[in-house]
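Okay, so here's the structure we're looking at.
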Amino acid sequence: MSVTDRWADNPFFVLELSVAASRAEVERAGQKWLDMLAVGIGRAAIYMTPLGARARTPELVRSATAALRDPERRVVHELWYLDHAPTPPDDDDVVDVDDGDIGFDAMTPLGWARP
Amino acid sequence: MLTTMTGRPLYVGIDLGTTNSAVAVFDGGVTHIVRNSEGANLTPSVVRVDAKGRVTVGTAARRFLERDPDNTRSEFKRLMGTDRALPFRASGMAMTPPELAAKVLAALRADVHDQLGVLPDTAVISVPALFELPQSAATAEAAALAGFTRVELLPEPIASALAAGWTAEQGDGRWLVYDLGGGTFDVSLLETDDGFLRVVGHDGDNFLGGRDFDWAVVDWAIAAIEREHGVRIRRDAPEHAAAVARLKHAAEEAKVALSRAGEVVLALPAPLETGDSDPFDPELVLTRETFESLVLPLVDRSLAVCERLLREHATAAAGLARIVFVGGPTVTPVLRERVAAVLGAPVADGLDPMTLVAQGAAIHAATAALDARPAGPLVRRGARLWLQFPAVCTDLSPHVVGRVVDGNSGPMPTTIRLQRDDGGYRSDAVRLDDDHAFVVAVELAPRQANAFTIVAEDGAGVTVTVDPPGLTIVQGMTIGDPPLSRSIGVALVSDHVQLYFERGTPLPARRSFTHATIESVARGSADSVLKIPIVQGEHDRAHLCRLVGTLEIPGHAISRSLPAGSEIELTLELDRGGRMSARALVPALDQVFEHVAHLLVPAADTEVLAASLATLRQRVDDLRADAFRHGMPHILIALEHAERDLADVGRDLGAAQGGNDDAGQRARRTLIEIDAALDEVEQSKQWPELEQRIVRTLTWVGGQIAHLGTERERSLFEDVARAVDRARTERNVRELQRQLRLANQLGETAWYRDPDTWPTLFDEATSRVDSASDLPRAQTLVREGRAARDREDMGELRKITEKLWRLLPHDPSARRASYDSGVR
Amino acid sequence: MTAQLVLMIAGLALVWACGAANREDTRPGFFGLAQWLLLVVLASAATSSLLHGDPIGAPVLAATVILAFPWFVARRWLIPRGHWRASWWLVRSSMWTWHDDNRGGALVAAAWAAIHAGAPPRALRFVEARCERSDCGAAHLLATGLVAAARGDLEGARRWMTSLCEFEGPATPRMARRLAVQWIAAEATTRGAWSRVAALADDRDADAATILLATVARRLGGTGPRPSDAELERAWSRAPSRQRLRALVDRALHHSEPVDAADPPHATPLEADPHRCALLAHAALVASPSPTARGLADACAAWDRVLGDAGFVDTARRRAAVLGARVDPPEALSAGIQADLVTLVRATGLELGEGARGDGETLVRVRRALHQRLLDELEIVADALASRVRARRILAMHEEWREYLAVRGAFARAVAMTGPELQRLGYAIVNPPVCALAVWLWNDRRNRVHAHQMFRWLLREAELAEDTEAIALHRRNVECG
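Residue numbers (this note's numbering), protein chains in the order written: chain A, -13 to 101; chain B, 222 to 1045; chain C, 602 to 1082.
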């Protein structure tokens, strides 16, 4: 699992539910998104997370519904739920540390990359 | 005959049982059991092929089971997933378990056609909860052979829970489904919350069933015959097979009769012949008390499984809302009484344990929208809608989603409204969006079929005809997507499992992970193959899980050599029927590999089983000796269990050697379980041993460093001692072993400085010189070493000893238990 | 006339064949001498023809010049135009530049030309197939590195090039090292890895281009003494491709003295709720394109505050009870944090170093888990190598070297991520299998060049790990050759 999946695949984001959602709301949302994806409704294809927009797939919706049905997993997802996006790091905040991209390609002038 | 279909949907559910099978249909409102041509609810899962190759299925075949066992096959469900073909001697034919199961399924399909006039193409088939992928795949194959074009597999306990929940009054709480079939035992803990059904957990014993009750009676009868007639009948002797089969048939009948009578006489279909004596007809009287004493240990074994499940999910038995019994053997009064008494929970009444599973499967077919009616001719009546909605659902306010997919056949609607035909609900008019799609929330009347009419209007408010004009949603208990019965993952080289799908994952499912190869695969090399083993089971160590498939990347199929450390993006996919496919993308080669080999239950080869049994017995003996030596009573208790199981394996192995494949499979499985239990025992005793090793190592190394070490080595040793201490506090075994290795290395460095060390090491190496890989060279070195020792040239002696070491064999490498996995 | 032409073409072919046969094992060699003699004869004959007004002399003279300076011609005209097959063919007869290993040199030319041609798969396969068949000298390593780069595997290419730079002895043509050093410098400059570039200035095979990049690196990265404007201009005036490197030099010239900014700024959100605050810090860290050790330490500290907050723990446990979950929420949360942060460090190669020192519980747990994980992985890689060597399963030298680099790379990564505390433990894991491989290569497979490089690396690492026994052993091994 990539480190960003914890937020990106959080079932509450996938199903667009709040952490207070009841079991019935979970089932209803799961069924709705699956059906909307099945008939190809455009707005169902994307959901928002604190780390940006992500593609919603039937597998993701099924897995999110199953996760919220299971109290053990649901409680953990609730703990990781963040209701709005953190401020993305400002470009100026990124310090020019070793291994930072300088925006100059030194390979091409010396013939090590295709011009 | 059931009433003919009147445009209502037809959902078919099949319980493909070990002993009997049943088929049920659901029309969106009620379930019906389909009777077979003989008017019975149950069709024996028995197939007979006569000398002319004619196939008979069900009751007609069942009659020949004792008379003609060579040409009649039953209980083949237990062999599903194996590659064993069962012979029919008279015709010279052989059939695999899926082919035999297909005959039964085809018979059931024909029964539906006879009763309802529809030959179903789709169905839900139930499988035991503990079925693994090879077994599920074999079931799906059987369905395809029987003519079904689309099937879904549903775990039996969920099917029975659905059927029980469908008919029971609403009531939240946890309940237990106790499912004892002919050959398997499943127990499931379920929970209903606001009418939503959830599988909390399940457990079971793949090799405990009503048939074991029969065998208990047979064993009793064999003992009685030996006692009274002096004739010894052996279950594992092929020449006694006919006698044993007759006894078993009599035992089955006696078991049923004892649920009504206090005692019965075992009615043998024919006199017993053993080859050692004249045919004889023993009169064996079985009382209910004797029968109860025979089966109670088996019932208790099932209760132990129930208690384990309840314990695992922190559920008090007394707090259960009800217990649902499923399976023929559960009609045995002593079983019901014992289970109810031990668990102290009410038993659900009014449910037919023999057909509950089939009914649940039929209900699930509705949820999965598997209408078995053949599609009729397409008649266009207005704008065509593509509708998505749950055919069956628990939610009282589901959504109906739709889209106009063909508006050419008339005016295009702009708004859609749904109104319930009973007049109880009418939705708001919803405007179609830019995709010509709509989402409408509807309200359902509880526990009934809710028919809705779709009202479509154009921009001017004129009604537009749409196709279909309405829809039906049944409100009731559902389970949604079928859940995966056992976890699936990939065995890693470390013998750990990378989990892909957890038990309970709704199907279909797909998941990808990136692995790295640990060895190079040379292009074109025939013996260079990278293996990615796929395993199923709940253990975190790969060798304790069942290998269900291996994805191979062979040297001859790669476009160039694949170096160690290359990435492999592996995707596993399961469809709704539980069929698995795998796909490995190797970015470095830009190639995809999809061939999964070995999707079979491993054959239970009796020689292999005997060898495994001997190894495990030796392991138990070693552990016991060790436990006595170190005074560890808790280990002795654990070993007692293992020994009991080993005795069972011994018996099963005997039966397997006598031709009983099923016993062989059971022995194989039990051996895996014993292996896991012994692993746990070894782990539990590992810590005290490590503690002793810590003391020994640190004392020795400390002594060497104090006498012969440098200042820097002393400081390094202090660091290591601190790290050892920390690892000990955290009980981190691996870290502790690494640090002890480091400490030893420091100690040896110091020790090697001692002039007395090398003569000792040289002597030790000399004592093993017989096992050297190059004996003449080793002998020369020994001579040179002795000379160096005599002239006290320790530098030279050290060089010679080190050369000698290289010629001596390595310790046998650790067991590669991860099915030769080539990935990490 | 025709006979003369045929004779000259045959002479040219013979020149090429002599060049191709002129290898290290035939040095000082008959073939080299024969090649030069033939060239002189051909050049004289062609000149004489020209002087006699015979036009046939012109192409023959041109061909003679091309065959006299094959590497120069290939590098100047064929490689930049992507003529990979022609480059390979021509450099096969190299007399001076690659005479130690003109087969390897030809593959370097082909791989380099392939990069200019847009990395056609056929060309890459052509080079790879020949590299696999070879005894894997330094030039082959360079060619393999270039192929890896052409495929986009820059990390792999870096590994090959770096390993080449450690090669010593006659199997290492000077040009191979020089090109590899230049490639490493250019690639590191593109990444902004200034300390790496600056260090290359002292390499014995650093050419004018490398020296320019190293000077720029010292200026931009603040590594070592700051070069003056004049130094920069001087380095630039000597470098090849001057005009195309001018933008970089200008940037260095306009770069002011670095401000002594001690700590990078962090978006530590001002939140009253410690749980939300920790979530934000965690999300900012994992979403950052270049997470820092300090950011990791801050996130861990934020989580320590949450997990130590009795109110939070109590609320979470009550919520779990309401849902009917048996899991302990603080414990599950802590496990998730640890898993996330370990994955983050491994995925980004974040070096914890001093920035992530501290004794907060979460940070300590992450360090321990990382330490454990890295050692486990190292053991797996080392074990695979050990079992192969034990079973004497031979790979092509090219692949042997790759496996050695993989073990070495895993070790270097582990040490870089967690610091020197892993050096001794890690060395104890990698030393036995790599040593066994080197001994096998040396004794049984007579490949002393590669075995020697392996012993040198083992010695260097043994010294860092302060493993006295291993130092003594590998010192003896290195002294053997």
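Just so you know, even glycine gets a beta-carbon here, dropped at the ideal spot from N, CA and C. On a predicted model such as this, the values are computed, not experimentally measured, just so you know.
Do residue j and residue i come within 8 Å of each other at the CB atom, strictly closer than that value?
i	j	result
His1048 (chain B)	Leu791 (chain B)	Residue 1048 (chain B) lies beyond the range of chain B shown here (222 to 1045); nothing can be said about it.
Leu351 (chain B)	Pro319 (chain B)	no
Glu373 (chain B)	Arg395 (chain B)	no
Ile753 (chain B)	Val711 (chain B)	yes
Met696 (chain C)	Gln605 (chain C)	no
Ala582 (chain B)	Val345 (chain B)	yes
Ala464 (chain B)	Glu494 (chain B)	yes
Ala562 (chain B)	Ile544 (chain B)	no
Please classify residue i as buried or exposed, where buried requires at least 16 other C-beta atoms within 10 Å of its C-beta.
i	result
Asp1045 (chain C)	exposed
Val817 (chain C)	buried
Pro866 (chain C)	With a pLDDT of 39 at Pro866 (chain C), under the threshold of 50, the predicted position of this residue should be treated as unreliable, and no value is reported.
Cys1081 (chain C)	exposed
Glu816 (chain B)	Looking at the sequence itself, residue 816 (chain B) is His, so the reference to Glu does not match. Answer is exposed; the Cβ neighbour count stays below 16.
Ser992 (chain B)	exposed
Lys476 (chain B)	buried
Ala658 (chain B)	buried
Ile858 (chain B)	exposed
Leu634 (chain C)	exposed
Val32 (chain A)	Before going further, note that residue 32 (chain A) is Ile rather than Val in the sequence given. By the 10 Å Cβ count, Ile32 (chain A) comes out exposed.
To the nearest angstrom, how far is the alpha carbon of residue i from that of residue j?
i	j	result
Arg838 (chain B)	Asp896 (chain B)	10 Å
Glu740 (chain B)	Ala983 (chain C)	10 Å
Trp(-7) (chain A)	Thr43 (chain A)	16 Å
Leu237 (chain B)	Thr360 (chain B)	9 Å
Pro870 (chain C)	Ala922 (chain C)	Here Pro870 (chain C) scores only 48 on pLDDT, less than 50, and its place in the model is too uncertain to base an answer on.
Arg330 (chain B)	Thr615 (chain B)	29 Å
Ala586 (chain B)	Ala488 (chain B)	42 Å
Val398 (chain B)	Val408 (chain B)	6 Å
Ile658 (chain C)	Glu832 (chain C)	Residue identity check: residue 658 (chain C) is Gly in the sequence provided, not Ile. If I take the Cα positions, the gap works out to 48 Å.
Pro75 (chain A)	Ala884 (chain C)	Low confidence applies to Pro75 (chain A): its pLDDT is 41, below 50, so where it sits in the model is not reliable, and the reading given next is rough at best. Straight-line Cα distance between these residues: approximately 11 Å.
Leu996 (chain B)	Ala986 (chain B)	13 Å
Ser1034 (chain B)	Ala879 (chain C)	Reliability of the predicted coordinates at Ser1034 (chain B) is poor, the pLDDT of 37 falling under 50, and the value obtained from them is presented with this limitation in mind. Each residue's alpha carbon lies about 46 Å from the other.
Ile789 (chain B)	Ile584 (chain B)	41 Å
Ile454 (chain B)	Leu507 (chain B)	18 Å
Arg682 (chain C)	Gly719 (chain C)	10 Å
Met609 (chain C)	Thr648 (chain C)	12 Å
Pro(-3) (chain A)	Arg827 (chain C)	53 Å
Phe768 (chain C)	Val0 (chain A)	54 Å
Ser935 (chain C)	Pro892 (chain C)	20 Å
Arg288 (chain B)	Pro355 (chain B)	32 Å
Could you tell me which residues DSSP pairs with residue i in its beta bridges?
i	result
Phe722 (chain B)	B:Ile709
Tyr399 (chain B)	B:Val408 and B:Phe546
Cys614 (chain B)	B:Gln696
Quiz item: Of the residues that make up the segment 807 to 821 of chain C, which ones have a beta carbon closer than 8 Å to any beta carbon in chain A?
Solution: Ala810, Leu814 and Leu821
Quiz item: Between the segment 602 to 631 of chain B and chain A, which residues of the former have a C-beta closer than 9 Å to a C-beta of the latter?
Solution: Cβ contacts with chain A: Trp607, Leu608, Gln609, Phe610, Pro611, Cys614, Thr615, Asp616, Leu617, Ser618, Pro619, His620, Val621, Val622, Gly623, Arg624 and Val626.
Exercise. Please list the residues of the segment 970 to 994 of chain C that have a C-beta atom closer than 9 Å to any C-beta atom in chain B, keeping them in chain order.
Key: His972, Gln973, Leu976, Asp977, Glu978, Glu980, Ile981, Val982, Asp984, Ala985, Leu986, Ala987, Ser988, Arg989, Arg991 and Arg994
Quiz item: Along the segment 701 to 725 of chain C, what residues have a CB closer than 7 Å to any CB found in chain B?
Solution: For the segment 701 to 725 of chain C, the beta-carbon criterion of a distance under 7 Å to any beta-carbon of chain B is satisfied by none of its residues.
Quiz item: For the segment 666 to 679 of chain C, which residues have a CB atom closer than 7 Å to at least one CB atom of chain A, in sequence order?
Solution: Residues passing the 7 Å Cβ filter: none.
Quiz item: If contact means a Cβ-Cβ distance below 9 Å, which residues of the segment 776 to 804 of chain B contact chain C?
Solution: Ser780, Arg781, Ser782, Pro784, Ala785 and Gly786
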